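Listed in order, the protein sequences are those of chains E and Y. Just add 883 to the spot in the first sequence (first one is 1) and you have this note's numbering. Just add 21 to the spot in the second sequence (first one is 1) and you have this note's numbering.
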Amino acid sequence: DQQVKQNSPSLSVQEGRISILNCDYTNSMFDYFLWYKKYPAEGPTFLISISSIKDKNEDGRFTVFLNKSAKHLSLHIVPSQPGDSAVYFCAASESNFGNEKLTFGTGTRLTIIP
Amino acid sequence: DTGVSQDPRHKITKRGQNVTFRCDPISEHNRLYWYRQTLGQGPEFLTYFQNEAQLEKSRLLSDRFSAERPKGSFSTLEIQRTEQGDSAMYLCASRSSGRADKTQYFGPGTRLLVL
């Protein structure tokens with residue numbers, strides 16, 4: 884049972900344009916969401932997070948939007964740069980319920996075309 | 022400020038052998054997590070420590086797996102009688118106990134190949 888889903892395995896975007904990565908979840912107890920970026924043979928690098936009490940969080944070129952009613956979140960990267968090419972993972976936890984584990988999606992490979 | 026470190030970065034072993042991995046968390050972090058990632062999948066939770074206490078274990082953690090954090094600092098993950106299905110990237114993460122920042126920060130991982 885995949886509680887966190889990233890339905891697009893890959894995405895290609897022209898350099899300078901906006902990249903939009905999507906994530907859906909089924910567990911209504913999730914209250915904390917994170918995006919990680921991963922290069923081959925490295926561990927995931929934290930990008931940005933959002934609590935369920937918010938619907939938007941912004942950090943530089945990265946913005947995460949949360950739509951609780953649709954159980955959907957998205958990561959916007961603007962402008963996209965070649966160094967953004969990596970696999971992006973969405974993750975969620977039931978942090979307010981004492982459940983520490985992160986549940987990850989299967990990832991979306993983002994390729995930025997120069 | 023050093024991040025989470027893991028040792029070794031790579032391990033090749035024969036089926037049936039035991040292996041042990043080490044994780045050193047960020048120094049002020051009292052919570053430590055182990056995850057496993059296989060090809061094409063996201064990381065999957067294995068177990069979690071708060072200080073030296075192991076508070077949660079996934080059903081993925083069979084009897085052949087054991088994790089320790091004896092002094093509440095570094096942690097070890099041991100796999101006994103390895104099987105080819107154990108081949109994966111083993112990731113360690115840590116976070117502080119503060120309520121404000123719930124972010125888990127990951128190490129570089131240990132890639133295990135069981136022949």
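Even glycine gets a Cβ: it sits at the ideal position worked out from N, Cα and C. What you are looking at is a predicted structure, and each value in this text was computed from that prediction instead of being measured.
Notebook entry, point to check: Apart from the five residues just before and just after Arg57(Y), which ones in its own chain have a Cβ nearer than 8 Å to its Cβ?
Noted result: The residue given as residue 57(Y) occupies position 36 in the second sequence. Taken in chain order, the residues that qualify are Pro64, Glu65, Leu67, Leu81, Ala109, Met110, Tyr111 and Leu112.
Classify Ser87(Y) as helix, strand or coil using the three-state DSSP reduction. Along the second sequence, read from residue 1 onward, the residue named residue 87(Y) stands at position 66. Strand.
Report task. Say whether chain Y places a C-beta atom closer than 8 Å to the C-beta of Tyr915(E). Result -> Counting from one through the first sequence, the residue named residue 915(E) turns up at place 32. Cβ-Cβ to chain Y under 8 Å: yes for Tyr915(E).
From which residue to which residue does the beta strand (DSSP E) around Ile903(E) run?
Translated into positions along the first sequence, residue 903(E) becomes position 20. That run of the beta strand (DSSP E) goes Ser902 to Tyr908.
Q.
Let me see if you follow: with CB-CB separation under 8 Å, is Ser893(E) close to chain Y or not?
A. Residue mapping note: residue 893(E) aligns to position 10 of the first sequence, counting from 1. Not closer than 8 Å to any Cβ of chain Y, the Cβ of Ser893(E) fails to qualify, so no.
- For Asn979(E), does the three-state DSSP call read helix, strand or coil? Counting from 1 along the first sequence, the entry for residue 979(E) is found at position 96. Helix.
> Listed from N- to C-terminal order along the chain, which residues in the segment 74-95 of chain Y have their beta-carbon within a distance smaller than 7 Å of any beta-carbon of chain E?
Replying inline: Glu77
What does Thr989(E) reach in chain Y if we use C-beta pairs closer than 8 Å? The residue given as residue 989(E) occupies position 106 in the first sequence. Simply Gly61, Gln62 and Gly63.
Q: State the DSSP-derived secondary structure class of Asp967(E), mapped to helix, strand or coil.
A: Start at 1 with the first residue of the first sequence, and residue 967(E) comes out as number 84. Note: Asp967(E) maps to helix in three-state DSSP.
**Message:** I'd like to know whether the C-beta of Phe929(E) is nearer than 8 Å to at least one C-beta of chain Y.
**Reply:** By 1-based counting over the first sequence, the position of residue 929(E) is 46. Yes, because at least one Cβ of chain Y sits closer than 8 Å to the Cβ of Phe929(E).
query: Leu133(Y) and Lys32(Y): beta carbons closer than 8 Å?
result: Along the second sequence, one-based indexing puts residue 133(Y) at 112. Along the second sequence, one-based indexing puts residue 32(Y) at 11. A contact, by the Cβ cut-off of 8 Å.
- Quick one: which residues of the segment 953-973 of chain E get their C-beta closer than 7 Å to a C-beta of chain Y? List them in chain order. Phe972
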